[in-house]
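2 protein chains.
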Amino acid sequence: MTIQTEQEYLAAYRPEHYPRPLFSVDVAIFTLHDGVLKILLVQRAEHPFVNHWALPGGYVDLSADADIAATARRKLLAKTGVNAPLLEQVETVGNATRDPRGWSVTTLYMALIPYAPTTEFMESVVDARWWALDELENLALAFDHRELVELARARLKNKTAYTVLPLHVLQQPFSLSQLQQAFELLLGSELEKKSFRRRILNADLLQEVGIGIPAGGKGRPAALYVPAPGSEQHLFVRVFGESGVE
Amino acid sequence: MTIQTEQEYLAAYRPEHYPRPLFSVDVAIFTLHDGVLKILLVQRAEHPFVNHWALPGGYVDLSADADIAATARRKLLAKTGVNAPLLEQVETVGNATRDPRGWSVTTLYMALIPYAPTTEFMESVVDARWWALDELENLALAFDHRELVELARARLKNKTAYTVLPLHVLQQPFSLSQLQQAFELLLGSELEKKSFRRRILNADLLQEVGIGIPAGGKGRPAALYVPAPGSEQHLFVRVFGESGVE
DNA sequence: TCAATAGTGTCTGTCAGACACTATGTT
DNA sequence: AACATAGTGTCTGACAGACACTATTGA
């Protein structure tokens, strides 16, 4: 072969000549409901793993998706109707055995959404439903999705210890108690009330928007808050709970 | 089409029928030398971006690599001769524009190795060399590798604030001053001596193995250490330096 | 008045920052 | 002795944990 310019090389390039892995994007969508952490799974209609429950996900649409985050957003929108949630890349898993069709790579994203806005929409999506994480124990998930769920769950827990991730699972406005409950559920352990309030309030992350009793609540009305602009990327220099980040 | 079993489906499956992105693995290999942080780049021999400097990386060998970490390890071994270093997945970047050949995805790994053991080996690798990170400013890197380098650099910095990552760039045994210098170079800022020593020693991460003057050193001989078993995954509950983790 | 929830006062312990100090080697 | 580097003593401030306490609502 003679020396080529890059243009000549590209003109002659035939991607299909090179064997390469399957590539997909999967999304672990979490929410809080009835006091438990839930994840959205879809029931597969096709081989492989027909009828098994799986994370929403699929292949990149080469003509429609600008990047892999767009693929993840598209999958999320299709299943939940939610458009601009917290969406974050977790990890990429690729090996020869995870998909019976051959060498396969998936990039796992995790999304957090408040429960209610999606509920009505969800009714019509017959092949999708929320599962409490505990319910998954006896459920056979497709592919290696059980491990993917665990990866996302672990990330969620870790980041809850030093960020304000849990803000994203709440409907606004919310009380500090509701926020604390969200932290506790994502963290999987209880927090001391005073410490929690001190930490959040001192960090100047919230805007008070009034006082009220959140739907169905009892007792003294609480101050209600919305996140202050830019607060979502706040990082604490000290970690919540004893220790044990990833 | 009639209803199939999964076996029939798999037998009839032709992966090449589905358009999908290119997939590669790239590795940002860091070390410390002459008091600066360096990264290993290779000069491309082929299109696209011939002669440009790039991160070591390439395609998955579907028959030889068990998973994507194996691909990363293989690339690292080929360029440095180092076998079992710290190797950690950083992030996956995929979009329509990063590779002129089309939609392309790469999973970025980062590796840390001590300088010396690789030096002799490196002499013979004519297409690879260490670059101080500052030198990269005026260098045109292939693809989006400049951004990938920045991603890896940022991860390195963040994790240095709450782990003992810098252990992996030192030859053993090392003094606390050397360890502190490693932390400072990866962190990009200076640390207070007493705080540093207290933090490291109280965490019980090191085994003292004697006293000596590290090669070429002056002044009072220092206690020398090696990492205690399992110390590598230690996590501090409080972050180093003012704040500013990712 | 009681149950239920919101919110506070305050002590303690841990640990990073600052910085002045002492210790031990070489030339 | 002068230097260079290793290593310490000790005060301070930030902040999480613990826990008892007070406040405000509805039934």
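Protein chains in written order, with the UniProt record's numbering: chain B, 1 to 246; chain A, 1 to 246.
We treat Cβ as the ideally placed atom computed from N, Cα and C, and that holds for glycine.
All values reported here derive from a predicted model rather than from experimental measurement.
- With respect to P48 of chain A, D26 of chain A sits apart: the two C-beta atoms are not nearer than 9 Å.
- For S104 of chain A, the enclosing beta strand (DSSP E) has its first and last residue at S104 to L112.
- Among the residues of the region 94-113 of chain B, those with a Cβ less than 7 Å away from any Cβ of chain A are G94, N95, A96, P100, R101, G102, W103, V105 and T107, in the order of the chain.
- A Cβ-Cβ distance of about 12 Å is found for the pair L112 of chain A and V90 of chain A, leaving them out of contact under the 8 Å criterion.
- Here the region 140-151 of chain B makes no contact with the region 181-195 of chain B; the two share fewer than three CB pairs at distances below 8 Å.
- The beta-carbon separation of K38 of chain B and A132 of chain B, rounded to 5 Å, stays under the 8 Å limit for a contact.
- Close to L205 of chain B, with beta-carbon spacing below 8 Å, lies no residue of chain A; the smallest spacing is near 14 Å.
- Under the 8 Å Cβ criterion, the region 154-174 of chain A counts as touching the region 214-229 of chain A, having at least three qualifying pairs.
- For the beta strand (DSSP E) assignment, the uninterrupted runs of no fewer than 3 residues enclosed by the UniProt domain "Nudix hydrolase" (22-153) of chain A are, from N- to C-terminal side, 22-33, 36-43, 57-59, 86-95, 104-112 and 128-132.
- By alpha-carbon distance to D127 of chain B, the top candidate from B:A152, B:T106, B:V149 and B:L41 is B:L41.
- Under the DSSP definition of a beta bridge, P227 of chain B partners with B:L206.
- Checking the DSSP bridge columns, you'll see G212 of chain B partnered with B:A222.
- When rounded, the separation of the alpha-carbon atoms in E6 of chain A and L151 of chain A is 41 Å.
- For S189 of chain A, there is no enclosing alpha helix (DSSP H), since its DSSP letter is neither H nor E.
- For E91 of chain A, the neighbours in chain B by C-beta distance under 7 Å run, in chain order, Q89.
- Pairing V50 of chain A with V105 of chain B gives a Cβ-Cβ distance that is not under 9 Å.
- Against chain A, the beta carbon of R238 of chain B has neighbours under 7 Å at V237 and R238, listed in chain order.
- Annotated as distal: A28 of chain A and L179 of chain A, with beta-carbon spacing of 9 Å or more.
- Within 10 angstroms of the beta-carbon of K194 of chain A lie fewer than 16 other beta-carbons, which makes it exposed.
- Counting only Cβ-Cβ distances below 8 Å, P21 of chain A has contacts in chain B at F23, V60 and L62, in chain order.
- A12 of chain A and G58 of chain B have their C-alpha atoms spaced approximately 20 Å apart.
- From the beta-carbon of E137 of chain B, no residue of chain A is found nearer than 9 Å; the closest lies around 24 Å away.
- Closer than 9 Å at the C-beta level to chain A, one finds these residues of the region 38-52 of chain B: E46, H47, P48, F49 and V50.
- Counting every other CB atom within 10 Å of its CB across the protein chains shown gives K75 of chain B a total of 16 or more, marking it as buried.
- Residues V105 of the same chain have their beta carbon placed closer than 6 Å to that of F23 of chain B, with the five preceding and five following residues left out of the count.
- In the three-state reduction of the DSSP assignment, F174 of chain B falls in the strand class, which pools E and B.
- Distance from the CA of R101 of chain A to the CA of L176 of chain B, rounded to the nearest whole angstrom, comes to 51 Å.
- DSSP lists B:R238 as the bridge partner or partners of R238 of chain A.
- Within the same chain, Cβ atoms closer than 7 Å to the Cβ of N83 of chain A are found at L77, the five residues on either side in sequence being excluded.
- DSSP places T163 of chain A outside both helix and strand once states are collapsed to three, so it counts as coil.
- Chain order gives the chain B residues near L10 of chain A as H47, P48, P100 and R101, where near means a beta carbon separation below 8 Å.
- Nearest in C-alpha terms to S231 of chain B, of all of B:A54, B:D204 and B:D134, is B:D204.
- Close to E208 of chain A, with beta-carbon spacing below 9 Å, lies no residue of chain B; the smallest spacing is near 25 Å.
- The C-alpha of I200 of chain A lies about 42 Å from the C-alpha of R73 of chain B.
- Within the same chain, and ignoring the five residues on either side of I68 of chain A in sequence, the residues whose Cβ sits closer than 6 Å to its Cβ are V25 and T107.
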